[in-house]
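Numbering (my numbering), first residue to last: 28 to 483. For each residue, glycine too, the CB sits at the ideal point set by N, CA and C.
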Amino acid sequence: MRTLALLLALSFAFDSTAAEPKRSGDSLRQRPNILIIVADDLGYADLGFQGAKDVPTPHLDALAARSVRCTNGYVSHPFCSPTRAGLMTGRYQQRFGHENNPAWLPESTTAGLPLSQTTMPQVIATAGYKTGAVGKWHLGAHPQFHPMKRGFGEYFGILGGGHVYMPGGSKSAEYNIPLNRNGADETQTKYLTEHFGEEAPAFIARHAKEPWLLYLAFNAPHTPLQATAKYLDRVKTIADEKRRTYAAMICAMDDAIGATLAAVKAAGAEENTLVFFISDNGGPVGERGNGSTNTPLREGKGTVFEGGIRVPFLVSWPAKLPRGKDYAQPVIQLDFFATALAASGATLPPNVKLDGVNLIPFLSGEMTSAPHEHLFWRSGGGDPMAVRAGDWKWVRLRDGKPQLYNLARDISETTDLAEQEPAKAAELQQAVRAWNAELIAPGFESPRPAKPARKP
Ligand code: CA
């Protein structure tokens, strides 16, 4: 009996968690708040800190000045819903069949983020965090997929993939549904981006005395292109009407982000708030686009060329990270979960395996190796696919012919090196094959049916 007691005492002594102080209100408060801001269909080049000259974004530029800017920052999908599924789960969304956009089908229990998956807010909440989401959801229309069934304690926003900013402007039923506040319908009365810019600061003010996780997902500047005179006035020098309206929508989003960051500062939490900012995919360019530009990246939304998947990407945590620094190793939005997990002190359930990594030691300079050996993309069940490893990127489109680019020398993916570098092309193809073997078939189709799947 004495032996057992001694063993128990020893095992307790060697349990590192036992040495931590009990969680008091004070120690809980020292944990950082976590703010994840997502723009929708924002062009790579359309913010001041990304080089834009015609779109004034003073609040995002100020955030960039106290952030690490990830210049090789990616999302795990070239369009809306799958990127959000990856962000929420910290896992390649193709592992659980989420590689198309769910149609707006409130009766469907399959068109949405599968309930088998554990979400970031579910886990972060276990560390004593208050969790809230404001904005676009797009992870399923059935009530079982509602944000408050998937880990958020509070919700205000639009449950579909997009919405009118003010009444009129779209005939889509999905884009005209009532707003949703904590599960109840609410009539739209304001310019939508401004409304999100009121709700996010209100959440922060409500929870000034406890750590919180806030997911602020704008639908701006996704279509329909709608802006008010207040914002159009700021970009009146832009001659093209489409780009002018798009730019005005970015101005409205910048104001809303400014109000949100001001609320963080007013709560005395600017130093100890971990802020992420990304777009969910690249800007849709061309005739059917929204007026965005992804210069110098190739193509845009929907493709696995850089214009579809490399996005403006900021990580700010003044208490822990350098300010105004660029970081060039490839990182991805899948990393947000693991980073938030480490920052919050929450414990991951043992059955959950993340693909993302904690970025803090990399962005702080403590670790100098690359966070990821490979980053992978697959859309619509296999068409197209891509992998990045170091400076190299392998791409395979529907024609089945592998392409190879060196992004360090050729950021615009102009020169296919597959024939000149067959060994590198084969190595990357092998890597993408191995990854692909871990995935399952898409669990649902996009409203416009996806093309048949192909093997890499
Ligand atoms: Ca999008």
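What is the DSSP secondary structure of Gly52, counted as helix, strand or coil?
Counting from one through the sequence shown, the residue named residue 52 turns up at place 25. Confidence at Gly52 is low in this model, with a pLDDT of 49, below 50, so the placement of that residue is unreliable and no value is reported for it.
Would you mind reading off the limits of the alpha helix (DSSP H) that contains Ala484?
What the structure shows of the chain is the stretch from 28 to 483, and residue 484 is not part of that stretch, so it cannot be assessed.
Got a sec? Which residues, its chain only, sit under 6 Å from Ser473 by beta carbon, not counting five neighbours each side?
To locate residue 473, count along the sequence shown from 1; it is residue 446. Asn127 and Asn128, listed in sequence order.
Decide yes or no for the touch test of the stretch 415 to 426 against the stretch 155 to 164: beta carbon pairs closer than 8 Å, at least 3 of them.
no
Helix, strand or coil: how does DSSP classify Gln430 here?
Taking the first residue of the sequence shown as 1, we reach residue 430 at position 403. Three-state result, Gln430: strand.
Report the partner residues of Phe179 according to the DSSP bridge assignment.
If you number the sequence shown from 1, residue 179 lands on position 152. For Phe179, which the question treats as bridged, DSSP gives no partner whatsoever.
So the candidates are Thr330, Lys269 and Leu381; which of them puts its Cα closest to the Cα of Gly316?
To locate residue 316, count along the sequence shown from 1; it is residue 289. Selected option, being the one with the closest Cα: Lys269.
Within 6 Å of ligand 1: residues by beta-carbon to any heavy atom:
Asp67, Asp68, Phe106, Cys107, His249, Asp307 and Asn308
Any chance you could list the alpha helix (DSSP H) runs of at least 4 consecutive residues sitting entirely within the stretch 386 to 439, in chain order?
387 to 390
Using three-state DSSP, classify Trp462 as helix, strand or coil.
Here residue 462 refers to the residue found at position 435 of the sequence shown. Trp462: helix per DSSP, three-state reduction.
Could you check where the alpha helix (DSSP H) with Leu219 kicks off and where it finishes?
Counting from 1 along the sequence shown, the entry for residue 219 is found at position 192. Per DSSP, Leu219 belongs to the alpha helix (DSSP H) from Leu219 to Arg233.
Taking Tyr242 as part of the beta strand (DSSP E), name the residues at either end of that continuous run.
For the purposes of this step, residue 242 is taken as residue 215 along the sequence shown, with counting starting at 1. Tyr242 -> beta strand (DSSP E) spans Trp239 to Ala244.
Looking at the unbroken alpha helix (DSSP H) that takes in Ile284, where does it start and where does it end?
For this step, residue 284 is matched to residue 257 along the sequence shown. Segment Glu268 to Ala293, the alpha helix (DSSP H) holding Ile284.
Quick one: which unbroken alpha helix (DSSP H) runs of 4-plus residues sit fully inside the stretch 292 to 347? Chain order, please.
333 to 336
Based on DSSP bridge pairs, tell me the residues matched to Thr158.
Working through the sequence shown from its first residue, we reach residue 158 at position 131. BP columns for Thr158 point to Leu240.
Output the boundary residues of the alpha helix (DSSP H) element that contains Ile61.
Within the sequence shown, numbered from 1, the residue matching residue 61 stands at position 34. Not the alpha helix (DSSP H): Ile61 falls in the beta strand (DSSP E), residues Asn60 to Ala66.
Please name the residue in Gly117, Asn299 and Tyr354 whose C-alpha comes closest to that of Val379.
Locating residue 379 in the sequence shown gives position 352, where the first residue counts as 1. Of the candidates Gly117, Asn299 and Tyr354, the one whose C-alpha sits nearest the C-alpha of Val379 is Gly117.
Let's test the definition: count the other Cβ atoms within 10 Å of the Cβ of Glu314 and tell me whether it reaches 16, buried, or not, exposed.
Reading the sequence shown from its first residue, position 287 is the one you call residue 314. Glu314 should be labelled exposed.
Local conformation of Leu206 per DSSP, three classes:
Translated into positions along the sequence shown, residue 206 becomes position 179. Note: Leu206 maps to strand in three-state DSSP.
Out of Glu326, Phe363 and Ala279, which has the shortest C-alpha to C-alpha gap to His86?
Position 59 of the sequence shown, counted from the start, is the residue given in the question as residue 86. Comparing Cα positions, the closest option is Ala279.
For Asn209, which option in Glu181, Gly335 and Ile231 has the closest C-alpha, if you only look at C-alpha atoms?
For the purposes of this step, residue 209 is taken as residue 182 along the sequence shown, with counting starting at 1. It is Glu181 whose Cα lies nearest to the Cα of Asn209.
According to DSSP, simplified to helix, strand and coil, what is Gly188?
Here the question's residue 188 lines up with position 161 in the sequence shown. DSSP places Gly188 in coil when its eight states are reduced to three.
CB contact flag (Phe363, Gly392, <8 Å)
Here the question's residue 363 lines up with position 336 in the sequence shown. Here the question's residue 392 lines up with position 365 in the sequence shown. Not in contact: Phe363 and Gly392 (Cβ atoms no closer than 8 Å).
Just to confirm the assignment, what range does the alpha helix (DSSP H) spanning Val150 have?
One-based indexing of the sequence shown puts residue 150 at position 123. Its alpha helix (DSSP H) spans residues Met147 to Ala152.
Which complete beta strand (DSSP E) runs does the stretch 74 to 111 hold, if anything under 3 residues is left out?
95 to 97
The stretch 74 to 94 touching the stretch 433 to 443, judged by at least three CB pairs closer than 8 Å:
no
Assigned secondary structure, Lys257 (DSSP; H/G/I helix, E/B strand, else coil)
As a working note, residue 257 is residue 230 in the sequence shown. Three-state result, Lys257: helix.
Collapsed DSSP secondary structure at Gly124 in the structure displayed
Mapped onto the sequence shown, residue 124 falls at position 97. In the structure shown, Gly124 sits in coil (DSSP, three-state: anything other than H, G, I, E or B).
What residue does the beta strand (DSSP E) around Ala495 start on, and which one ends it?
Residue numbering for the chain in the displayed model covers 28 to 483; residue 495 lies beyond these limits and cannot be assessed.
Look at Leu402 and Tyr101 and say whether their C-beta atoms are less than 8 Å apart.
For this step, residue 402 is matched to residue 375 along the sequence shown. For this step, residue 101 is matched to residue 74 along the sequence shown. Yes, these two residues count as a Cβ contact at 8 Å.
Between Asp81 and Asp68, what straight-line distance do the alpha-carbon atoms span, to the nearest angstrom?
Counting from one through the sequence shown, the residue named residue 81 turns up at place 54. Counting from one through the sequence shown, the residue named residue 68 turns up at place 41. If you take the alpha carbons of Asp81 and Asp68, they lie about 18 Å apart.
Pull up the distance between the alpha-carbon of Ile284 and that of Gly224, whole angstroms please.
Against the sequence shown, residue 284 aligns to sequence position 257. Against the sequence shown, residue 224 aligns to sequence position 197. About 7 Å.
Please report the straight-line C-alpha distance between Glu134 and Thr145, rounded to a whole angstrom.
Start at 1 with the first residue of the sequence shown, and residue 134 comes out as number 107. Start at 1 with the first residue of the sequence shown, and residue 145 comes out as number 118. Approximately 22 Å, taken between the alpha carbons.
May I ask which residues mark the beginning and end of the alpha helix (DSSP H) holding Asp362?
Taking the sequence shown and counting its residues from 1, one reaches residue 362 at position 335. Per DSSP, Asp362 belongs to the alpha helix (DSSP H) from Asp362 to Ser371.
With a threshold of 6 Å on Cβ separation, who are the neighbours of Ile185 within its own chain once the five nearest residues in sequence on each side are excluded?
Position 158 of the sequence shown, counted from the start, is the residue given in the question as residue 185. Excluding positions up to five away in sequence, the list reads Lys163.
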